[in-house]
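In my numbering, the protein residues as written are -16 to 366.
By construction, the Cβ of each residue, glycine as well, lies at the ideal position given by its N, Cα and C atoms.
In this text, all values refer to a predicted model and were calculated from it rather than measured experimentally.
Take a look at the structure set out below.
Next up, the structure:
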């Protein structure tokens, strides 16, 4: 159980963070607030990480040990205008904690405070990583690994709220648990012409429209039904805006989500090949740029069992992984890791809003279980 005073401060921290959200790589106010919140719990040895993040080590006093466990809590918000009507709703227009990172950070502060009180019960170190920029490039998870914050860590734990899972429940399982996510831009360059004589030009808009359908065939005809591949075109722009001019350029944007590294590499290559070939067949050219994002989160079996034991069998439910991405994948690439989902759906919820929705909200009664699970998992790993 979480001590009552720590639980009360956790709630206050979450509400403050929710009211003062900051976008990826701009979390300076969040960084300062979390530093002060940790200091208020007697945790002052806090270091900056990934520019706008923090790292704190809680060291056990039961005896010497080189063992170390990392706990990641992301802290950034999203460019979304909040519509919840909560009394502690965002005070910053167009910015909202619509993914629960305010709750993640508050639970991590509470877990650090509880472990600090109980440091006589364990040997080794629990490293709390308050990570910026989970939502947007340049990704904070990549930078945390590059800066060496996992170099002396044996394993890592990540937590994420789940609005479709009831309060009091936790989902965790071994194996792939989120998908890798990469972004791509394709520019088609044709030749302008009068709309009355389109044969004198090369219609980039028509080529790009055909490309939207062709790229979907990479999923429906080139990927196994047992391999997760999600390819989404999310933006399409073409032409000058005039009614009577054939478009000489068009641009597509999208994301590729995969669960298998080989399929990821193959589909990346095929996106560029199909764009180039289709454009060439119609007398145009194509430029494709693909930016590799976060890898898939893959849960280690022993670490998943550790979380299940820490939460208790009554709390754990069987639930599939997410097609969404999370840059905790950089952690699970580096060390054995477990990423688990905390149910935050209130028992009396009339309607549930998804992550990244302007009316997304969480049941705050779920937070003590999340923080207590982090504490119990830490003690189980190091104790």
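**Item:** Where residue 282 falls: helix, strand or coil (DSSP)
**Value:** strand
**Asked** Using DSSP with H/G/I as helix, E/B as strand and the rest coil, what is residue 75?
**Response** Assignment of residue 75 by DSSP, reduced to helix, strand and coil, places it in the coil class.
**Item:** Nonlocal neighbours in the same chain, by C-beta distance under 8 Å from residue 101, ignoring five residues either side
**Value:** 358, 362
**Prompt:** When you compare each of 271, 223, 366, -10 to residue 93 by their alpha carbons, which one comes out closest?
**Reply:** -10
**Request:** Can you grab the Cα-Cα spacing for the pair residue 353 / residue 45, in whole Å?
**Result:** 25 Å
**Beta-carbon gap between residue 88 and residue 170 smaller than 9 Å** = no
**Item:** Neighbourhood of residue 183 by C-beta, 6 Å cutoff - its chain only, sequence neighbours within 5 removed
**Value:** 176.
**Prompt:** Which residues in the same chain have their Cβ closer than 7 Å to the Cβ of residue 368, if we skip the five residues on either side of it in sequence?
**Reply:** One cannot answer for residue 368 here, as it falls past the ends of the chain, which runs -16 to 366.
**Asked** Which one of 365, 215, 185, 155 has the shortest CA to CA distance from residue 323?
**Response** The option with the nearest alpha carbon to residue 323 is 155.
**Request:** Label residue 22 either buried or exposed according to how many other C-beta atoms from any shown protein chain fall within 10 Å of its C-beta, with 16 as the threshold for buried.
**Result:** So residue 22 ends up on the exposed side.
**Prompt:** Which whole-angstrom value describes the C-beta separation of residue 309 and residue 117, a residue pair presumed to lie in contact below a C-beta threshold of 8 Å?
**Reply:** 7 Å
**Request:** Measure the alpha-carbon distance for residue 210 versus residue 242 and round it to whole angstroms.
**Result:** 7 Å
**Request:** Return the Cβ separation of residue 91 and residue 113 in integer angstroms, given the expectation that the two are a contact with Cβ distance under 8 Å.
**Result:** 7 Å
**Asked** Excluding the five sequence neighbours on either side, which residues of its own chain have a C-beta within less than 7 Å of the C-beta of residue 164, listed in chain order?
**Response** 238, 240, 276, 277, 308
**Asked** By the 10 Å Cβ neighbour count, where 16 or more other Cβ atoms means buried, how is residue 229 classified, buried or exposed?
**Response** In the assembly as shown, residue 229 is a buried residue. Its beta-carbon has 16 or more other beta-carbons within 10 Å.
**Request:** Report yes if the C-beta distance between residue 328 and residue 147 is below 9 Å; otherwise report no.
**Result:** yes
**Message:** Please tell me whether residue 172 and residue 269 are closer than 9 Å, where the distance is taken between their beta carbons.
**Reply:** yes
**Prompt:** So the beta strand (DSSP E) residue 141 belongs to, where does it begin and stop?
**Reply:** 138 to 149
**Asked** If residue 325 and residue 144 are in contact, beta carbons under 8 Å, what's the gap, nearest whole angstrom?
**Response** 5 Å
**Message:** For a test of the three-state rule: what should DSSP assign to residue 364, helix, strand or coil?
**Reply:** Helix.
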